[in-house]
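Trainee: Below you will find the structure I want to go over with you.
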Amino acid sequence: MASGRVDLDGKPIKPITICMIGAGGFIGSHLCEKLMADTPHKVLAVDVYNDKIKHLLEPSSLPWADRIQFHRLNIKNDSRLEGLIRMADLTINLAAICTPADYNTRPLDTIYSNFIDALPVVKYCSENGKRLIHFSTCEVYGKTIGAFLPKDSPLRQDPNYYVLKEDASPCIFGPIEKQRWSYACAKQLIERLIYAEGAENGLEFTIVRPFNWIGPRMDFIPGIDGPSEGVPRVLACFSNNLLRREPLKLVDGGQSQRTFVYIRDAIEAVLLMIENPARANGHIFNVGNPNNEVTVRQLAEMMTQVYSKVSGESSIETPTIDVSSKEFYGEGYDDSDKRIPDMTIINRQLGWNPQTSLWDLLESTLTYQHRTYAEAIKKATSKPVAS
Ligand code: UDP
Numbered sequence: 000m001a002s003g004r005v006d007l008d009g010k011p012i013k014p015i016t017i018c019m020i021g022a023g024g025f026i027g028s029h030l031c032e033k034l035m036a037d038t039p040h041k042v043l044a045v046d047v048y049n050d051k052i053k054h055l056l057e058p059s060s061l062p063w064a065d066r067i068q069f070h071r072l073n074i075k076n077d078s079r080l081e082g083l084i085r086m087a088d089l090t091i092n093l094a095a096i097c098t099p100a101d102y103n104t105r106p107l108d109t110i111y112s113n114f115i116d117a118l119p120v121v122k123y124c125s126e127n128g129k130r131l132i133h134f135s136t137c138e139v140y141g142k143t144i145g146a147f148l149p150k151d152s153p154l155r156q157d158p159n160y161y162v163l164k165e166d167a168s169p170c171i172f173g174p175i176e177k178q179r180w181s182y183a184c185a186k187q188l189i190e191r192l193i194y195a196e197g198a199e200n201g202l203e204f205t206i207v208r209p210f211n212w213i214g215p216r217m218d219f220i221p222g223i224d225g226p227s228e229g230v231p232r233v234l235a236c237f238s239n240n241l242l243r244r245e246p247l248k249l250v251d252g253g254q255s256q257r258t259f260v261y262i263r264d265a266i267e268a269v270l271l272m273i274e275n276p277a278r279a280n281g282h283i284f285n286v287g288n289p290n291n292e293v294t295v296r297q298l299a300e301m302m303t304q305v306y307s308k309v310s311g312e313s314s315i316e317t318p319t320i321d322v323s324s325k326e327f328y329g330e331g332y333d334d335s336d337k338r339i340p341d342m343t344i345i346n347r348q349l350g351w352n353p354q355t356s357l358w359d360l361l362e363s364t365l366t367y368q369h370r371t372y373a374e375a376i377k378k379a380t381s382k383p384v385a386s
């Protein structure tokens, strides 16, 4: 499995120890799976929960049992963190509040989680001469320049006005009272701090900007493995609606555009960063799939079709309904209009390209959602209502 693996420059890859903070989340669980199955690296998996990686931790007879260790700790207040970073060659920080429903309703938690709590991680890496891969977000770009052009301007069709480039695009956020941007702003400041640690103190860093990574184990299904009133990201919201045979809710007409990339494709990019430090250090990378662009309305239509196919159930009579953002997210919500990643830097440095079409990634993801949740939803909805 592991022997004979070489990096992009043909040099043998040495096994390393990785301190992965937030290993129990959606991205962390897929990254741990990949590292255990296809590499010789060790993982110190740090998180407050481990439900999504339980299958990698138990039983102790698993072939990688001596290469993954779970450390249940909250990085906010645990003195063990520095020791774990010192034991590792590389730290990957995935810990964050990253669901839009929280940005305007829990702005303090959002800012603390994405900026303040990340500070000691950056500091310990810098002081101990350890490499850091930090997860940021495509949301640091905010809105496109094109969003401010008149609706009928032909320049809106010009990629110079909407394609998002790591080293050229500005970061455009709305006013402070639109608390949606508390997340983007906190992420931007931690990126700037990491960049400055690199420039002034020689920190070896890589910053990842995920563009709507989706797939199995993303977020939660409200009322099944998360709070019934919780609002996850769009894939889980729409999956929940489909599983419950409810209309999918289109916020403000579902006109926003997104590019979705399959989590398994994105994880390949992260592995290239891990194993090619000379090519990845000092860079910020967009990781997304520019070919998979849809409006949220189109996403809803495609998910409805795919779900019918994988579940064998016909779709309901009114598959979508419109809701205002104020009703759905509350005061202070705002939105990114369009997110197309420029792929020049990741192509040049790591030769990475996404492979999976939107249809295919939805088919495998909704097959997983149906298999994992359909029975539980049936049970939950058939319970007699307490009088
Ligand atoms: N959205 C929607 N209905 C839902 C959930 C989300 O129309 O049930 C919209 C949301 O307003 C946004 C897009 O879908 O325009 C993507 O939202 P997501 O929460 O996945 O995160 P984002 O891409 O904004 O970071």
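Quick note on numbering that gives the first Met the number 0: the sequence shown kicks off at 0 and runs consecutively. Every residue, glycine too, gets a C-beta built ideally from N, C-alpha and C. Only a predicted model underlies this, so the values are computations on that prediction, with no experimental measurement involved.
Going by the C-beta, is N113 closer than 7 Å to any heavy atom of the ligand UDP?
Mentor: For the purposes of this step, residue 113 is taken as the residue at position 114 of the sequence shown. The answer is no for N113.
Trainee: Determine whether the beta carbon atoms of Y111 and R179 lie at a separation below 8 Å.
Mentor: The count along the sequence shown starts at 1 and reaches residue 111 at position 112. The count along the sequence shown starts at 1 and reaches residue 179 at position 180. Not a contact, by the Cβ cut-off of 8 Å.
Trainee: Assuming G252 contacts D321 (C-beta within less than 8 Å), just tell me the rounded distance between them.
Mentor: Position 253 of the sequence shown, counting from 1, holds the residue named residue 252. Position 322 of the sequence shown, counting from 1, holds the residue named residue 321. Right, the Cβ-Cβ distance comes to about 6 Å (below 8 Å), so this counts as a contact.
Trainee: Just to confirm before moving on: does the CB-CB distance between L357 and N285 stay below 8 Å?
Mentor: As a working note, residue 357 is residue 358 in the sequence shown. As a working note, residue 285 is residue 286 in the sequence shown. No. Outside cutoff.
Trainee: Compute the beta-carbon to beta-carbon distance between D6 and N275, rounded to the nearest angstrom, for a pair I have assumed lies under 8 Å.
Mentor: Residue mapping note: residue 6 aligns to position 7 of the sequence shown, counting from 1. Residue mapping note: residue 275 aligns to position 276 of the sequence shown, counting from 1. About 5 Å; that satisfies the 8 Å criterion.
Trainee: Is it buried or exposed, D151, if we count other Cβ atoms within 10 angstroms and call 16 or more buried?
Mentor: Residue mapping note: residue 151 aligns to position 152 of the sequence shown, counting from 1. Exposed, by the Cβ-count rule.
Trainee: Taking the continuous beta strand (DSSP E) assigned at F69, which residues delimit it?
Mentor: Taking the first residue of the sequence shown as 1, we reach residue 69 at position 70. Looking at the DSSP string, the run of the beta strand (DSSP E) that includes F69 is 67 to 71.
Trainee: What's the C-alpha gap between I193 and M342?
Mentor: In the sequence shown, residue 193 corresponds to position 194, counting from 1. In the sequence shown, residue 342 corresponds to position 343, counting from 1. Between I193 and M342, the C-alpha separation is close to 22 Å.
Trainee: Specify the secondary structure class of A265 as computed by DSSP and reduced to three states.
Mentor: As a working mapping, residue 265 is identified with position 266 in the sequence shown. A265 falls in the helix class under three-state DSSP.
Trainee: Given a threshold of 16 other Cβ atoms within 10 Å of its Cβ, counted over all protein chains shown, does I345 qualify as buried or as exposed?
Mentor: Translated into the one-based positions of the sequence shown, residue 345 becomes position 346. Classification for I345: buried.
Trainee: Under 8 Å between the Cβ atoms of G141 and C170?
Mentor: On the sequence shown, position 142 is the one that residue 141 refers to. On the sequence shown, position 171 is the one that residue 170 refers to. For G141 and C170, yes; Cβs fall inside 8 Å.
Trainee: Which residue from P340, C18, P226, I206 puts its Cα closest to that of R66?
Mentor: Counting from one through the sequence shown, the residue named residue 66 turns up at place 67. Considering only alpha carbons, the answer is C18.
Trainee: Short check: CB of G23 to CB of Y48, under 8 Å?
Mentor: The count along the sequence shown starts at 1 and reaches residue 23 at position 24. The count along the sequence shown starts at 1 and reaches residue 48 at position 49. Yes. Within cutoff.
Trainee: Roughly how many angstroms lie between the CA atoms of H133 and L93, to the nearest whole one?
Mentor: Looking up residue 133 in the sequence shown gives position 134. Looking up residue 93 in the sequence shown gives position 94. So the two alpha carbons sit approximately 7 Å from each other.
Trainee: Could you say which of F237, D116, F210 lies nearest to I189 if we only look at CA atoms?
Mentor: Start at 1 with the first residue of the sequence shown, and residue 189 comes out as number 190. The shortest C-alpha separation from I189 is found at D116.
Trainee: When every heavy atom of the ligand UDP is checked, does at least one fall within less than 7 Å of the C-beta of K248?
Mentor: Along the sequence shown, read from residue 1 onward, the residue named residue 248 stands at position 249. Yes, since a heavy atom of the ligand UDP falls inside the 7 Å radius drawn around the Cβ of K248.
Trainee: Put G253 into one of helix, strand or coil per three-state DSSP.
Mentor: Taking the sequence shown and counting its residues from 1, one reaches residue 253 at position 254. Helix, per DSSP.
Trainee: Is C236 close to the ligand UDP? I mean its beta-carbon at under 7 Å from any heavy atom of the ligand.
Mentor: On the sequence shown, residue 236 is found 237 positions in, with the first residue counted as 1. Yes, Cβ of C236 sits closer than 7 Å to a heavy atom of the ligand UDP.
Trainee: What does the Cβ neighbour count give for N240, buried or exposed, with the cut at 16 atoms within 10 Å?
Mentor: The residue you call residue 240 lines up with position 241 of the sequence shown. That one is buried.
Trainee: Please tell me whether T319 and L247 are closer than 8 Å, where the distance is taken between their beta carbons.
Mentor: Looking up residue 319 in the sequence shown gives position 320. Looking up residue 247 in the sequence shown gives position 248. Yes, the pair counts as a contact, with Cβ atoms nearer than the cut-off.
Trainee: In the DSSP assignment, find the beta strand (DSSP E) that holds A44 and state where it starts and stops.
Mentor: Here residue 44 refers to the residue found at position 45 of the sequence shown. From DSSP, the beta strand (DSSP E) with A44 extends over 41 to 46.
Trainee: Between V45 and I20, which are expected to be in contact by the criterion C-beta below 8 Å, what is the C-beta distance as a whole number of angstroms?
Mentor: Translated into the one-based positions of the sequence shown, residue 45 becomes position 46. Translated into the one-based positions of the sequence shown, residue 20 becomes position 21. Confirmed, about 5 Å.
Trainee: Does the distance from the CB of V260 to the CB of G287 come in under 8 Å?
Mentor: By 1-based counting over the sequence shown, the position of residue 260 is 261. By 1-based counting over the sequence shown, the position of residue 287 is 288. Contact flag set, yes.
Trainee: Considering only heavy atoms of the ligand UDP, does any lie closer than 7 Å to the CB of R232?
Mentor: Taking the sequence shown and counting its residues from 1, one reaches residue 232 at position 233. Yes - the ligand UDP has a heavy atom lying nearer than 7 Å to the Cβ of R232.
Trainee: Return the bridge partner residues of M19 from the DSSP annotation.
Mentor: As a working mapping, residue 19 is identified with position 20 in the sequence shown. Looking at the DSSP assignment, M19 forms a beta bridge with A44, I91.
Trainee: Distance, Cα to Cα, M35 vs R263?
Mentor: Along the sequence shown, one-based indexing puts residue 35 at 36. Along the sequence shown, one-based indexing puts residue 263 at 264. Distance between the alpha carbons of M35 and R263 is about 14 Å.
Trainee: For K388, list the residues DSSP reports as bridge partners.
Mentor: The shown model of the chain, from 0 to 386, leaves out residue 388, and the question about it has no answer.
Trainee: Helix, strand or coil for W63 per DSSP?
Mentor: On the sequence shown, position 64 is the one that residue 63 refers to. Looking at W63 - three-state DSSP - the assignment turns out to be coil, as it is neither helix nor strand.
Trainee: Any heavy atom of the ligand UDP closer than 7 Å to the Cβ of D101?
Mentor: On the sequence shown, residue 101 is found 102 positions in, with the first residue counted as 1. For the ligand UDP, not one heavy atom lies less than 7 Å from the Cβ of D101.
Trainee: Going by other Cβ atoms of all chains shown within 10 Å of its Cβ, with 16 needed for buried, is N76 buried or exposed?
Mentor: Mapped onto the sequence shown, residue 76 falls at position 77. N76 is exposed by the Cβ-count criterion.
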